[in-house]
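Visitor: I'd like to ask you about the structure that follows.
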Amino acid sequence: MELVAQLWTIAIKDYFQRYGPLVRVCVVEANGSTPREAGAAMLISNNHTDGTIGGGALEFDAIALARSILAEKKTATWQRSIKDYALGPSLGQCCGGAVRLLFEPFDEAEINYLQQNEETTSLYVSRPLETGEPIHFTNDETGKNNWLVEPLRKKSIPLYLYGAGHVGREIVRVFDGMNADIVWIDDDETRFPQSLPANVSRIISATPAGLVEYAPADAFHVVMTYSHPLDLEICHAVLKKNNFRYLGLIGSKTKRASFEKKMRKLGLSDAAFVRLICPIGIAGITSKEPSSIAISLAAQILNIYEAGDKKT
Numbered sequence: 102m103e104l105v106a107q108l109w110t111i112a113i114k115d116y117f118q119r120y121g122p123l124v125r126v127c128v129v130e131a132n133g134s135t136p137r138e139a140g141a142a143m144l145i146s147n148n149h150t151d152g153t154i155g156g157g158a159l160e161f162d163a164i165a166l167a168r169s170i171l172a173e174k175k176t177a178t179w180q181r182s183i184k185d186y187a188l189g190p191s192l193g194q195c196c197g198g199a200v201r202l203l204f205e206p207f208d209e210a211e212i213n214y215l216q217q218n219e220e221t222t223s224l225y226v227s228r229p230l231e232t233g234e235p236i237h238f239t240n241d242e243t244g245k246n247n248w249l250v251e252p253l254r255k256k257s258i259p260l261y262l263y264g265a266g267h268v269g270r271e272i273v274r275v276f277d278g279m280n281a282d283i284v285w286i287d288d289d290e291t292r293f294p295q296s297l298p299a300n301v302s303r304i305i306s307a308t309p310a311g312l313v314e315y316a317p318a319d320a321f322h323v324v325m326t327y328s329h330p331l332d333l334e335i336c337h338a339v340l341k342k343n344n345f346r347y348l349g350l351i352g353s354k355t356k357r358a359s360f361e362k363k364m365r366k367l368g369l370s371d372a373a374f375v376r377l378i379c380p381i382g383i384a385g386i387t388s389k390e391p392s393s394i395a396i397s398l399a400a401q402i403l404n405i406y407e408a409g410d411k412k413t
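For what it's worth, this note's numbering labels the leading residue of the sequence shown as 102, then goes sequentially.
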C-alpha cells in the first residue's frame with residue numbers, strides 16, 4: 102500500500118510516448134552559486150519541455166543545444182555529451198557559479214532497452230559520461246571513475262491527504278509539479294476530480310484510519326475529512342502509531358482543544374498529542390480561502406521537510 106515514487110526512467114518512457122525523441126539534460130556538478138543543485142534534470146523534445154535546471158540563460162542555451170542534438174542524425178546508441186558553464190563569464194548570469202551538464206538523447210533504441218532491462222527493485226542508475234555503454238541498474242552507489250550514478254527514485258515528500266473536499270483539491274493543485282508523492286484518501290469516489298496529477302494516487306476506503314499503518318515513517322499526514330469523528334479517528338491512529346514526520350488537522354484552536362479532551366479519554370498522553378498541528382499552515386496567514394490554506398500548508402510542510410533533510 103505504501104506509495105513508491107515514480108522511477109525517472111519510467112517518466113522518460115512516458116514522455117517519449119507523448120512527445121517523441123527527447124534529450125535528458127542533467128546537472129552533473131554544481132559549484133558555487135547556481136540556480137539548481139546537482140541531480141536536477143529536465144526532458145526536452147522538439148516542441149516540449151518538462152522540468153527545469155534553473156531557467157534563465159542557462160536553460161535557454163541547454164534547450165537550444167538539446168534540440169540541435171535531436172536535429173542531428175544519431176550515429177550511435179547511448180550518445181552522451183558534456184558541456185561546462187561558467188554562469189557569469191559565459192552567460193552573464195549573476196549567480197557566479199559553475200555547472201556541468203550531461204546531455205543524453207533517447208529514441209526508440211534506448212526506450213526499447215529500458216522496456217526490456219529495467220529493474221524496478223534497483224536503487225540507482227549508473228552509466229559513463231561518454232557515448233557507447235548503456236545505463237546499468239544497480240544497488241551500488243559508488244560507481245566508477247568518470248561515471249554518473251543517480252538514484253532511480255527521486256527523493257520526495259510522502260504526503261497522506263485525508264479528505265477530497267474543496268480544500269483537499271486546492272492542496273493537490275498547489276502540490277502539482279512539486280517534489281511530493283500524494284496518497285489521497287476518501288470514502289466516497291464521487292468527491293475526487295475525474296483526472297489526477299501524476300504525483301497523486303487515489304485510495305477509496307470506508308476506513309481511512311486503517312490506512313495509517315501503511316504510511317512510511319517519514320510521512321506527512323494532513324487530515325481534513327467531512328466528519329469530525331472521522332478526523333478524530335485518523336488523528337488518533339497517527340498519534341498512536343507515533344511514527345510520522347507531520348500531523349496536521351484542519352480547524353480552529355477550539356477544534357484542537359476538543360480533540361485533545363477526547364484523545365485523553367482514548368488513553369493518549371499530553372506528550373503524544375503535542376505533535377498534532379491545528380490550525381495548519383504558517384503563522385500570520387489567517388485567510389480561510391481554500392487556496393490560501395493550501396499555500397500556507399505547503400509552505401509549512403516544505404519548511405519542515407527541508408529542515409529535516411539538512412540534518413541527514
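Ideal Cβ placement from N, Cα and C applies to all residues, glycine included.
(1) So Gly269 is in the alpha helix (DSSP H); what residue range does that whole segment cover?
(2) Within a Cβ cutoff of 7 Å, which residues of the same chain sit near Tyr116, ignoring the five residues on either side of it in sequence?
(3) Roughly how many angstroms separate the alpha carbons of Ile154 and Ala320, rounded to a whole number?
(4) Classify His337 as helix, strand or coil using the three-state DSSP reduction.
(5) For a test of the three-state rule: what should DSSP assign to Phe374, helix, strand or coil?
(6) So what does DSSP say about Tyr327, is it helix, strand or coil?
(7) Using the C-alpha atoms, what's the distance from Ile378 back to Lys354?
(8) Should the region 352-372 be regarded as contacting the region 249-264, the criterion being three or more beta carbon pairs within less than 8 Å?
(9) Could you tell me which of Glu211, Gly157, Asn246, Glu390 sits nearest to Leu188, measuring between CA atoms?
(10) What are the complete beta strand (DSSP E) segments, minimum 3 residues, inside the region 200-277?
(11) Can the beta-carbon of Ala395 be found closer than 8 Å to that of Val275?
(12) If you draw a straight line from the alpha carbon of Thr308 to that of Asn148, how long is it in whole angstroms?
(13) Three or more C-beta pairs under 8 Å: does that hold for the region 280-289 against the region 251-267?
(14) Check whether the Cβ atoms of Arg181 and Leu203 sit closer than 8 Å, and answer yes or no.
(15) For Trp109, which of helix, strand or coil comes out of DSSP?
(16) Under a Cβ-count criterion, where at least 16 other Cβ atoms within 10 Å of its own Cβ denotes burial, should Ser169 be classed as buried or exposed?
(17) For Pro206, count the other beta carbons within 10 Å of its own beta carbon; 16 or more makes it buried, fewer makes it exposed. Which is it?
(18) Please name the residue in Arg303, Ser328, Phe345, His329 whose C-alpha comes closest to that of Glu314.
(19) Measuring CA to CA, which of Gly311, Ile111, Asp282, Gly198 is closest to Glu138?
(20) Less than 8 Å between the CB atoms is what I'm expecting for Lys131 and Val200, so what's the real figure, rounded?
(21) How is Ala142 classed by DSSP in three states: helix, strand or coil?
(22) Which residue comes first and which comes last in the alpha helix (DSSP H) that contains Leu159?
(23) Going by DSSP, name the residue or residues bridged to Leu123.
(24) If you drop the 5 nearest sequence neighbours on each side, which residues of the same chain put their C-beta closer than 7 Å to that of Ala338?
(25) DSSP three-state label for Phe321, please.
(26) In this structure, how does DSSP classify Glu130 when only helix, strand and coil are distinguished?
(27) Please name the residue, chosen from Leu403, Ser146, Gly349, that lies closest to Glu380 on a Cα-to-Cα basis.
Guide: This is what the structure gives:
(1) Position 168 of the sequence shown, counted from the first residue, corresponds to residue 269. Gly269 -> alpha helix (DSSP H) spans 267-276.
(2) Reading the sequence shown from its first residue, position 15 is the one you call residue 116. The residues are Leu123, Leu144, Asp151.
(3) Position 53 of the sequence shown, counted from the first residue, corresponds to residue 154. Position 219 of the sequence shown, counted from the first residue, corresponds to residue 320. About 27 Å.
(4) Reading the sequence shown from its first residue, position 236 is the one you call residue 337. The three-state secondary structure of His337, taken from DSSP, is helix.
(5) As a position in the sequence shown, residue 374 is number 273, starting the count at 1. Looking at Phe374 - three-state DSSP - the assignment turns out to be helix.
(6) Reading the sequence shown from its first residue, position 226 is the one you call residue 327. The answer is coil: DSSP assigns Tyr327 none of H, G, I, E or B.
(7) Counting from one through the sequence shown, the residue named residue 354 turns up at place 253. Counting from one through the sequence shown, the residue named residue 378 turns up at place 277. Computed Cα separation, rounded: 10 Å.
(8) Taking 8 Å as the limit for Cβ pairs, the verdict is that the region 249-264 does not touch the region 352-372.
(9) The sequence position of residue 188 within the sequence shown is 87, counting from 1. It is Gly157 whose Cα lies nearest to the Cα of Leu188.
(10) Here the runs fully enclosed are 225-229, 237-239, 248-252, 258-263.
(11) Along the sequence shown, read from residue 1 onward, the residue named residue 395 stands at position 294. Along the sequence shown, read from residue 1 onward, the residue named residue 275 stands at position 174. Contact flag set, yes.
(12) Stepping through the sequence shown from its first residue, residue 308 is reached at position 207. Stepping through the sequence shown from its first residue, residue 148 is reached at position 47. Roughly 45 Å separates the two Cα atoms.
(13) Touching, per the Cβ criterion.
(14) Translated into the one-based positions of the sequence shown, residue 181 becomes position 80. Translated into the one-based positions of the sequence shown, residue 203 becomes position 102. Yes, these two residues count as a Cβ contact at 8 Å.
(15) If you number the sequence shown from 1, residue 109 lands on position 8. Reduced to three states, the DSSP call for Trp109 is helix.
(16) Position 68 of the sequence shown holds residue 169. Burial call: exposed.
(17) Along the sequence shown, one-based indexing puts residue 206 at 105. Buried, since its Cβ has 16 or more Cβ neighbours within 10 Å.
(18) The count along the sequence shown starts at 1 and reaches residue 314 at position 213. Looking only at Arg303, Ser328, Phe345, His329, the smallest Cα-Cα distance to Glu314 is reached by Phe345.
(19) Within the sequence shown, residue 138 is the residue found at index 37, counting from 1. When only C-alpha atoms are compared, the closest one is Gly198.
(20) Here residue 131 is taken as the residue at index 30 of the sequence shown, counted from 1. Here residue 200 is taken as the residue at index 99 of the sequence shown, counted from 1. Looking at the sequence itself, residue 131 is Ala, so the reference to Lys does not match. Between the beta-carbon of Ala131 and that of Val200 there is about 5 Å, and that keeps the pair under the 8 Å contact cut.
(21) Sequence index remark: in the sequence shown, residue 142 carries index 41 (1-based). Assignment of Ala142 by DSSP, reduced to helix, strand and coil, places it in the strand class.
(22) Numbered from its first residue, the sequence shown carries residue 159 at position 58. Segment 157-172, the alpha helix (DSSP H) holding Leu159.
(23) In the sequence shown, residue 123 corresponds to position 22, counting from 1. DSSP, once it has assigned bridges, lists Phe207 as partnering Leu123.
(24) The residue you call residue 338 lines up with position 237 of the sequence shown. Once the five neighbours on either side are set aside, the close Cβ partners of Ala338 are Ala310, Val313.
(25) As a working mapping, residue 321 is identified with position 220 in the sequence shown. Here Phe321 carries a strand assignment [DSSP, helix/strand/coil].
(26) Here residue 130 is taken as the residue at index 29 of the sequence shown, counted from 1. It is a strand residue.
(27) Numbered from 1 along the sequence shown, position 279 holds the residue referred to as residue 380. According to the sequence displayed, residue 380 carries Pro and not Glu. Comparing Cα-Cα distances from Pro380 to each of Leu403, Ser146, Gly349, the minimum goes to Gly349.
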